[in-house]
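Below: one structure, written as structure tokens.
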Amino acid sequence: MKIIKIYSTSPKNEVLSMLKDNDATNKNVRFDEKKGTPFIHVTEKDGKLKLRCEYVGRATKDNAFLEGTSFRGSIKERNGRTEISGVILTAPIFHLIFFAMFAFFVIACIVNGSFNVVPICLIVFDIFMYKDEFGKQGIIERYMKRAVRRIEERESYDND
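Take 5 as the starting number for the sequence shown in the working numbering and just add one per residue.
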């Protein structure tokens, strides 16, 4: 889970249009060819903003467990500044079930007075199974910061 707060001096509609334009935001950015190219799906409704990351162009389909990694937050324009704030979550439904199972096994170990390797196996499984999904948190955060930076660079060129 990552908490995000990004500010821009650009209007809200310009920030949204840049966020929705993957080609302009990812221009001249190189990605690992084996993982594929991250594509950000952006939806905005009544100030609520959602970004979801999906790898495209790789050998296997990106299977983002139900929800996958996504940013959920808001985009507001106040006092001439645009603010994007929210949180990036990785597979929230899976992790809710995972933590419930982990708690159950730890409690069972305490009640039975014996050690069980299942909680450790669950943690190892979680790390290896969702390594790509956890990496998407950074991709989404960098994507939003890059979009804001590209708008501000474009505005500085226009003002010169």
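Think of the CB as a built atom: it goes at the ideal place given N, C-alpha and C, for glycine as much as any other residue.
What is the DSSP secondary structure of residue i, reduced to helix, strand or coil?
i           : result
residue 47  : strand
residue 86  : strand
residue 81  : strand
residue 138 : helix
residue 35  : coil
residue 119 : coil
residue 27  : helix
Name the DSSP beta bridge partners of residue i, please?
i           : result
residue 146 : Bridge partners of residue 146: none, in fact.
residue 42  : 59
residue 11  : 87
residue 76  : 54 and 91
residue 6   : 92
residue 156 : DSSP output for residue 156 lists no bridge partner at all.
Within the same chain, show all residues whose beta-carbon is closer than 7 Å to that of residue i, passing over the 5 residues directly before and after it, in chain order.
i           : result
residue 81  : 15 and 16
residue 145 : 6, 8 and 92
residue 155 : 12, 14, 18, 19 and 22
residue 49  : none
residue 52  : 78
For residue i, which residues of its own chain have a beta-carbon under 8 Å away from its beta-carbon, when the five flanking residues on both sides are left out?
i           : result
residue 126 : 102, 105, 106 and 109
residue 122 : 109
Which residues in the same chain have their Cβ closer than 6 Å to the Cβ of residue i, if we skip the five residues on either side of it in sequence?
i           : result
residue 7   : 91
residue 143 : 42 and 57
residue 151 : 22, 23 and 29
Round the Cβ separation of residue i and residue j to the nearest angstrom and send it over; I've been treating them as touching at under 8 Å.
i           : j          : result
residue 95  : residue 72 : 6 Å
residue 148 : residue 10 : 6 Å
Could you tell me if residue i is buried or exposed, where buried requires 16 or more neighbouring beta carbons within 10 angstroms of its beta carbon?
i           : result
residue 100 : exposed
residue 75  : buried
residue 169 : Nothing in the structure corresponds to residue 169, since the chain is present only between 5 and 164.
residue 46  : buried
residue 79  : buried
residue 124 : exposed
residue 135 : exposed
residue 44  : buried
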